[in-house]
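End of the sequence shown = 418 in the numbering used here, gap-free, step of one.
Notes for the one structure printed next.
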Amino acid sequence: MENYQTIIIGGGAAGLFAAANVKTEYGKVLLLERGERVGKKLSSTGNGQGNITNERVGEAPYFSVRGDKTQEKQLQGYFMRYGKKEMLTFLEGLGGMFSADERGRYYPTGRQASAITDLLRFYIAERGVETLTGAYVYSVQKIGGRYEIKAKTADGERMFFAKKVLLCTGGKAAKNFGTDGNGYEIAKSFSHTVTALYPALVQLKTDTCYTKTLKGIRVLDSGLTAFVGGAAVASLYGDIIFTDYGVSGDAVFRISSFIADKLDGGKVTLSIDLLPSVSKEKLLSALTEKKKAFPALPESELLCGILNNQVGRAVWKRYGENGLSAVCDGIKAFELPVTGSLGFDYAQVTKGGIPLAEVDETLQSRNSAGLYFAGEILDVDGECGGFNLQWAYTSAMVCAQAISEKSGGQV
Numbered sequence: 008m009e010n011y012q013t014i015i016i017g018g019g020a021a022g023l024f025a026a027a028n029v030k031t032e033y034g035k036v037l038l039l040e041r042g043e044r045v046g047k048k049l050s051s052t053g054n055g056q057g058n059i060t061n062e063r064v065g066e067a068p069y070f071s072v073r074g075d076k077t078q079e080k081q082l083q084g085y086f087m088r089y090g091k092k093e094m095l096t097f098l099e100g101l102g103g104m105f106s107a108d109e110r111g112r113y114y115p116t117g118r119q120a121s122a123i124t125d126l127l128r129f130y131i132a133e134r135g136v137e138t139l140t141g142a143y144v145y146s147v148q149k150i151g152g153r154y155e156i157k158a159k160t161a162d163g164e165r166m167f168f169a170k171k172v173l174l175c176t177g178g179k180a181a182k183n184f185g186t187d188g189n190g191y192e193i194a195k196s197f198s199h200t201v202t203a204l205y206p207a208l209v210q211l212k213t214d215t216c217y218t219k220t221l222k223g224i225r226v227l228d229s230g231l232t233a234f235v236g237g238a239a240v241a242s243l244y245g246d247i248i249f250t251d252y253g254v255s256g257d258a259v260f261r262i263s264s265f266i267a268d269k270l271d272g273g274k275v276t277l278s279i280d281l282l283p284s285v286s287k288e289k290l291l292s293a294l295t296e297k298k299k300a301f302p303a304l305p306e307s308e309l310l311c312g313i314l315n316n317q318v319g320r321a322v323w324k325r326y327g328e329n330g331l332s333a334v335c336d337g338i339k340a341f342e343l344p345v346t347g348s349l350g351f352d353y354a355q356v357t358k359g360g361i362p363l364a365e366v367d368e369t370l371q372s373r374n375s376a377g378l379y380f381a382g383e384i385l386d387v388d389g390e391c392g393g394f395n396l397q398w399a400y401t402s403a404m405v406c407a408q409a410i411s412e413k414s415g416g417q418v
């Protein structure tokens, strides 16, 4: 029989932050991770460079609670206690150094996400938290005043007991990191509900009839607007990569979170401004003069030197027969109907999860005392740029403090 004060299920970002902060002097703490190592997804964040938080944390709303004043206030309270400053101070205290880029995204100065995992891993080991990898938890039950956790391990089935359980199993996105949604099933066994789940921060499928020749081409600093039913819901700037299925790139990942739950209706359209720094009037004037100056130049090549040649030809093929003004309109608003996304296997984040209404102010289950939730398993998802990792830290700290207080001390 293996007894613990606290068992943390899931060795991702939230689980590691929690394991680094739950008090150990009031009883043993165990971290269970189903993969062969902890922090696998954390080590890939920010394209492997470790984008951990953002200057706008506390300002940019999180999607799942947007419009719900009660939940927005609840989240704001969490970030006021454990926000960007507290996260950076904590990690700097472990020996890391961090700096922000021009978009307010914070990275370790060595631009290595795995180094953040190492800082946490070393600290957890130093403070005596036990870690068991290769442990797939398939059952959690409350028997009397403690929890019984069953896990499949390399040594066979093992059973653990704890007074407190913190579920940090992540969502359903990126199954290669060990997040297949089994945490939701554990939560359901305690009568929790799970909202509709959608892949977010993901590549988008589009109608490719106008982009078949553009596979692999990246358009830098594009303007991208998403429309739902004809109404604009988000606009931003960034890189776009044309693919054989649709579009990818920084701008696409970021805008996907705004439309993740709206793709099934077939009413989502992307509008790409291929030259956001140039007005339509300036474009039309330049093309008109170019056509006069080079009358022998094939019209399909008029955009040479203005756009990527392949992109220019695709634009001309689509709009050229309607005249130069239509071509300029196409450059400023190259529309692509969205047909879906690449799904959970390619997504970075899950939209949806356990509603905040089902947990108290300490993120403890309202259905079962001593059961806590942190990170992506909750119905909280943020924009691309460090917001979701910030939530992992913030929610883990809220739980760590509550667990420690109820065990006999404060963090």
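Beta carbons: idealized from backbone N, C-alpha and C, even for Gly.
query: Among A122, E383, K219, V356, which residue has its Cα nearest to the Cα of A181?
result: The residue given as residue 181 occupies position 174 in the sequence shown. It is V356 whose Cα lies nearest to the Cα of A181.
Review point. Of all Cβ atoms in chain C, is any one closer than 9 Å to the Cβ of L331?
Key: The structure shown contains no chain C, having only a single protein chain.
| query | What does DSSP give as the partner residues of V36 in its beta bridges? | reply | Within the sequence shown, the letter at position 29 stands for residue 36. The partner list for V36 (beta bridge, DSSP) reads T13.
Q. So, helix, strand or coil for G53, using DSSP?
A. The count along the sequence shown starts at 1 and reaches residue 53 at position 46. Under the three-state reduction of DSSP, G53 is assigned to coil, being neither helix nor strand.
**OP:** Tell me whether T276 sits in a helix, a strand or coil according to DSSP, three-state version.
**Re:** Position 269 of the sequence shown, counting from 1, holds the residue named residue 276. In the three-state reduction of the DSSP assignment, T276 falls in the strand class, which pools E and B.
#### Entry: Same chain, Cβ closer than 7 Å to A21, five either side skipped, listed in chain order
Working through the sequence shown from its first residue, we reach residue 21 at position 14. Result list for A21: C175, A381, G382, A399, S402, A403, in chain order.
Check: Closest to R134 by CA distance: which of A27, D268, L208, G230 is it?
Finding: Taking the first residue of the sequence shown as 1, we reach residue 134 at position 127. Of the candidates A27, D268, L208, G230, the one whose C-alpha sits nearest the C-alpha of R134 is A27.
So, helix, strand or coil for C216, using DSSP? Position 209 of the sequence shown, counting from 1, holds the residue named residue 216. DSSP places C216 in coil when its eight states are reduced to three.
Notebook entry, point to check: Out of Y379, F260, L309, which has the shortest C-alpha to C-alpha gap to N54?
Noted result: What you label residue 54 is simply residue 47 of the sequence shown in a count that begins at 1. Among Y379, F260, L309, the Cα nearest to that of N54 belongs to F260.
inquiry  = Does Y205 come out as helix, strand or coil in the three-state DSSP assignment?
reply    = Stepping through the sequence shown from its first residue, residue 205 is reached at position 198. Reduced to three states, the DSSP call for Y205 is strand.
Q. Under a three-way DSSP split, which group does C311 fall into?
A. Taking the first residue of the sequence shown as 1, we reach residue 311 at position 304. Note: C311 maps to strand in three-state DSSP.
Point to revise | Residue ranges of each beta strand (DSSP E) within the segment 288-373, 3 or longer | key: Those beta strand (DSSP E) runs which fall completely within the segment 288-373 and span 3+ residues are 341-348, 356-358.
Rounding to the nearest angstrom, what Cα-Cα distance links E43 and Q397 in this structure?
For the purposes of this step, residue 43 is taken as residue 36 along the sequence shown, with counting starting at 1. For the purposes of this step, residue 397 is taken as residue 390 along the sequence shown, with counting starting at 1. When only Cα atoms are considered, E43 and Q397 end up about 24 Å apart.
Proximal residues to S71 (C-beta, below 6 Å), its chain only, five neighbours per side dropped
Position 64 of the sequence shown, counting from 1, holds the residue named residue 71. Scanning its chain for C-beta atoms nearer than 6 Å, with the 5 sequence neighbours on each side dropped, one finds around S71 the residues D386, V387, D388, in chain order.
As a quick exercise: from N61, P344, Y143, pick the residue whose alpha carbon is nearest that of T232.
For the purposes of this step, residue 232 is identified with residue 225 of the sequence shown, where counting begins at 1. Out of N61, P344, Y143, P344 has the C-alpha closest to the C-alpha of T232.
(Q) At the level of alpha carbons, what is the spacing between K76 and A67? (A) Position 69 of the sequence shown, counted from the start, is the residue given in the question as residue 76. Position 60 of the sequence shown, counted from the start, is the residue given in the question as residue 67. Going from the Cα of K76 to the Cα of A67 covers about 14 Å.
What is the DSSP secondary structure of V172, reduced to helix, strand or coil? Within the sequence shown, the letter at position 165 stands for residue 172. Here V172 carries a strand assignment [DSSP, helix/strand/coil].
- Do you know how far the Cα of L49 is from the Cα of L95? By 1-based counting over the sequence shown, the position of residue 95 is 88. By 1-based counting over the sequence shown, the position of residue 49 is 42. Looking at the two C-alpha atoms, the distance is approximately 16 Å.
When the distance is taken between beta carbons, is I279 closer than 9 Å to F341?
On the sequence shown, residue 341 is found 334 positions in, with the first residue counted as 1. On the sequence shown, residue 279 is found 272 positions in, with the first residue counted as 1. Closer than 9 Å, so yes.
- [ ] Determine, using beta-carbon pairs with one atom in the segment 156-173 and one in the segment 137-144, whether at least three such pairs fall under 8 Å.
- [x] With a cut-off of 8 Å on Cβ pairs, the segment 156-173 is in contact with the segment 137-144, counting three or more such pairs.
task = Pick helix, strand or coil for G382, following the three-state DSSP scheme.
result = Working through the sequence shown from its first residue, we reach residue 382 at position 375. In this structure, G382 counts as helix in the three-state DSSP scheme.
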